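Numbering (numbering that gives the first Met the number 0), first residue to last: 0 to 387. Scroll down for the structure; my scribbles are underneath it.
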Amino acid sequence: MKTFATRTTTISDHFFAAVDVRINALRADGNPLPIIRLDIGSPDLPPAPHIIEALTRAAARPDSHGYQPIKGTPALREAWAGLYQRLHNVTLDPTAQVLPLLGSKEGIFHLSQALLEPGDVALIPEPAYMSYVRGARFAGAEPFIVPSSRETGFLPDLAAIPADVLSRARLLWLNFPNNPTSAVASRDFFASAIEFARRHDILLVSDAAYTQVTYDGYYAASLLEIPGALDVAIEFNTLSKSHNMAGWRTAVAVGNAEVLKTLGTIEANVNSGGFKPILEASIAALSGDQSWLGPRNQIYQHRRDRVIGHLRELGLEVDLPQASLYAWFKLPGDWKAVDFTNHVLQNARVSLTPGTVFGTEGYARLAFCSPDAELVEALNRLSDLDIW
Numbered sequence: 000m001k002t003f004a005t006r007t008t009t010i011s012d013h014f015f016a017a018v019d020v021r022i023n024a025l026r027a028d029g030n031p032l033p034i035i036r037l038d039i040g041s042p043d044l045p046p047a048p049h050i051i052e053a054l055t056r057a058a059a060r061p062d063s064h065g066y067q068p069i070k071g072t073p074a075l076r077e078a079w080a081g082l083y084q085r086l087h088n089v090t091l092d093p094t095a096q097v098l099p100l101l102g103s104k105e106g107i108f109h110l111s112q113a114l115l116e117p118g119d120v121a122l123i124p125e126p127a128y129m130s131y132v133r134g135a136r137f138a139g140a141e142p143f144i145v146p147s148s149r150e151t152g153f154l155p156d157l158a159a160i161p162a163d164v165l166s167r168a169r170l171l172w173l174n175f176p177n178n179p180t181s182a183v184a185s186r187d188f189f190a191s192a193i194e195f196a197r198r199h200d201i202l203l204v205s206d207a208a209y210t211q212v213t214y215d216g217y218y219a220a221s222l223l224e225i226p227g228a229l230d231v232a233i234e235f236n237t238l239s240k241s242h243n244m245a246g247w248r249t250a251v252a253v254g255n256a257e258v259l260k261t262l263g264t265i266e267a268n269v270n271s272g273g274f275k276p277i278l279e280a281s282i283a284a285l286s287g288d289q290s291w292l293g294p295r296n297q298i299y300q301h302r303r304d305r306v307i308g309h310l311r312e313l314g315l316e317v318d319l320p321q322a323s324l325y326a327w328f329k330l331p332g333d334w335k336a337v338d339f340t341n342h343v344l345q346n347a348r349v350s351l352t353p354g355t356v357f358g359t360e361g362y363a364r365l366a367f368c369s370p371d372a373e374l375v376e377a378l379n380r381l382s383d384l385d386i387w
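Now the structure itself:
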């Protein structure tokens, strides 16, 4: 067989695909103790009933089973614009500044195809969602890792970027509330990032997957709330976490119209529009009753408190998240991340995500997307290990 394209060598299999293989092998080893997965941030709670009802009603209609507009229905674009107006007081043109997507992950990857060429640089704060790096590499560009640390609240040090890198930079990724650290950013930081992007002619890209998963009354601002953002930025958003619709593949890119026009051209050549019942359910999620999100966040907050308290009792350094679904904790002693998570999986049958998946050694991520009984069982198993 002829060799594959060189660009395929720039990326490897997705971490969670490899984890699935290993977990399936462990499940066949004869050990009756069930494996508890706290690795992936996939909500275990269902969407609200009115969302499910909208899906089933639409699925029962004969006209729901054909191709839909590639760039989303007008009603869906208006629903996303309505959410930004209601939640963030941001006014968007539904036609030019809203682009529905089949999940934000594909949009992130396609944006790199739209903006980056060989020799270009994508500025990526670390730790980071792996698709930012892989999307840049797949486009033939160079990911440049911008340093951040727990001491600075995991905010990227933009002043540390060398001038020769800035001269080739085309975009800067931001992700707040953050995956994996759960760190949050202030409006002042967003304003400084917008000025930075304007000064260096860089597109600013916000991945805002967790803005509606917040605790203790915290409000997560959208980057687009800041004056001038629409000139230099776009934002990805998704219903996966905000409305418990992971797996439905329904998301959006909003912001700068020129960028969205080009991104939309790529989408039009790759996709054929979403499944109409999912589009209808997305409209119901965005425009319907939102009162259920508060109690949902209370459930997550209760889990957060349990997890953080337990990890601290084990002597681990971990911050209390104001948003997101993760505990990002520093590993004990001299443990390497992969060695630690492999040890925990093998001996406690609890699956965690090593920090190296996000580019950072010495940390691991625990997702509290499991029922209380599973969380308690998993935490007790961790306590029983002889590594603390």
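Beta carbons: idealized from backbone N, C-alpha and C, even for Gly. Just so you know, these numbers come straight off a predicted model, no measurement behind them.
Neighbour-count burial assignment, residue i, 16 or more Cβ in a 10 Å radius
{"i": "residue 40", "result": "buried"}
{"i": "residue 209", "result": "buried"}
{"i": "residue 382", "result": "exposed"}
{"i": "residue 3", "result": "exposed"}
{"i": "residue 249", "result": "buried"}
{"i": "residue 307", "result": "buried"}
{"i": "residue 218", "result": "exposed"}
{"i": "residue 342", "result": "exposed"}
{"i": "residue 206", "result": "buried"}
{"i": "residue 268", "result": "exposed"}
{"i": "residue 202", "result": "buried"}
{"i": "residue 20", "result": "exposed"}
{"i": "residue 294", "result": "exposed"}
{"i": "residue 84", "result": "exposed"}
{"i": "residue 384", "result": "exposed"}
{"i": "residue 148", "result": "exposed"}
{"i": "residue 59", "result": "exposed"}
{"i": "residue 427", "result": "The chain is shown only over 0 to 387; residue 427 falls outside these bounds and no answer can be derived."}
{"i": "residue 266", "result": "buried"}
{"i": "residue 340", "result": "buried"}
{"i": "residue 24", "result": "exposed"}
{"i": "residue 174", "result": "buried"}
Supposed close pair residue i, residue j - CB separation, criterion 8 Å
{"i": "residue 214", "j": "residue 303", "result": "6 Å"}
{"i": "residue 259", "j": "residue 81", "result": "In fact, because the Cβ distance is near 17 Å, the residues do not count as touching under 8 Å."}
{"i": "residue 111", "j": "residue 327", "result": "At roughly 25 Å, the Cβ-Cβ gap does not stay under 8 Å, so residue 111 and residue 327 are not in contact."}
{"i": "residue 116", "j": "residue 93", "result": "31 Å between Cβ atoms; not a contact."}
{"i": "residue 164", "j": "residue 156", "result": "Not quite, the Cβ-Cβ distance comes to about 13 Å (not below 8 Å), so this is no contact."}
{"i": "residue 231", "j": "residue 186", "result": "No, residue 231 and residue 186 are not in contact; Cβ-Cβ is about 16 Å, not under 8 Å."}
{"i": "residue 243", "j": "residue 44", "result": "5 Å"}
Nearest neighbour of residue i, chosen from the options [CA to CA]
{"i": "residue 26", "options": "93, 377, 362, 348", "result": "348"}
{"i": "residue 37", "options": "113, 352, 358", "result": "352"}
{"i": "residue 127", "options": "301, 153, 138", "result": "153"}
{"i": "residue 32", "options": "385, 376, 311, 386", "result": "376"}
{"i": "residue 273", "options": "288, 294, 246", "result": "246"}
{"i": "residue 263", "options": "157, 106, 22, 24", "result": "106"}
{"i": "residue 338", "options": "42, 292, 386", "result": "386"}
{"i": "residue 374", "options": "336, 309, 47, 335", "result": "309"}
{"i": "residue 74", "options": "290, 313, 277", "result": "277"}
{"i": "residue 362", "options": "371, 317, 369", "result": "317"}
{"i": "residue 71", "options": "98, 161, 290", "result": "98"}
Beta-carbon spacing of residue i, residue j below 9 Å
{"i": "residue 254", "j": "residue 225", "result": "no"}
{"i": "residue 329", "j": "residue 344", "result": "no"}
{"i": "residue 65", "j": "residue 275", "result": "yes"}
{"i": "residue 358", "j": "residue 132", "result": "yes"}
{"i": "residue 360", "j": "residue 57", "result": "no"}
{"i": "residue 67", "j": "residue 271", "result": "yes"}
{"i": "residue 168", "j": "residue 204", "result": "no"}
{"i": "residue 108", "j": "residue 123", "result": "no"}
{"i": "residue 7", "j": "residue 113", "result": "no"}
{"i": "residue 195", "j": "residue 171", "result": "yes"}
{"i": "residue 235", "j": "residue 100", "result": "yes"}
{"i": "residue 10", "j": "residue 137", "result": "yes"}
Same chain, Cβ closer than 6 Å to residue i, five either side skipped, listed in chain order
{"i": "residue 87", "result": "221, 224"}
{"i": "residue 380", "result": "347, 349"}
{"i": "residue 296", "result": "none"}
{"i": "residue 237", "result": "103, 208, 250"}
{"i": "residue 228", "result": "193, 222"}
{"i": "residue 50", "result": "280, 283, 284"}
{"i": "residue 35", "result": "349, 373, 377"}
{"i": "residue 256", "result": "95, 96"}
{"i": "residue 240", "result": "208, 209, 212"}
{"i": "residue 46", "result": "242, 243, 244"}
{"i": "residue 69", "result": "267, 272"}
Own chain, CB closer than 7 Å to residue i, minus 5 neighbours either side, in chain order
{"i": "residue 323", "result": "176, 177, 178, 181, 209, 212"}
{"i": "residue 89", "result": "83, 221, 223, 224"}
Same chain, Cβ closer than 8 Å to residue i, neighbours up to 5 away in sequence not counted
{"i": "residue 325", "result": "40, 178, 179, 180, 181, 364, 365, 366, 367"}
{"i": "residue 141", "result": "118, 119, 120, 121, 135, 167"}
{"i": "residue 300", "result": "214, 215"}
{"i": "residue 160", "result": "122, 143, 145, 168"}
{"i": "residue 14", "result": "129, 352, 356"}
Beta carbon proximity, residue i to chain B, threshold 9 Å
{"i": "residue 377", "result": "The structure shown contains no chain B; it is built from a single protein chain."}
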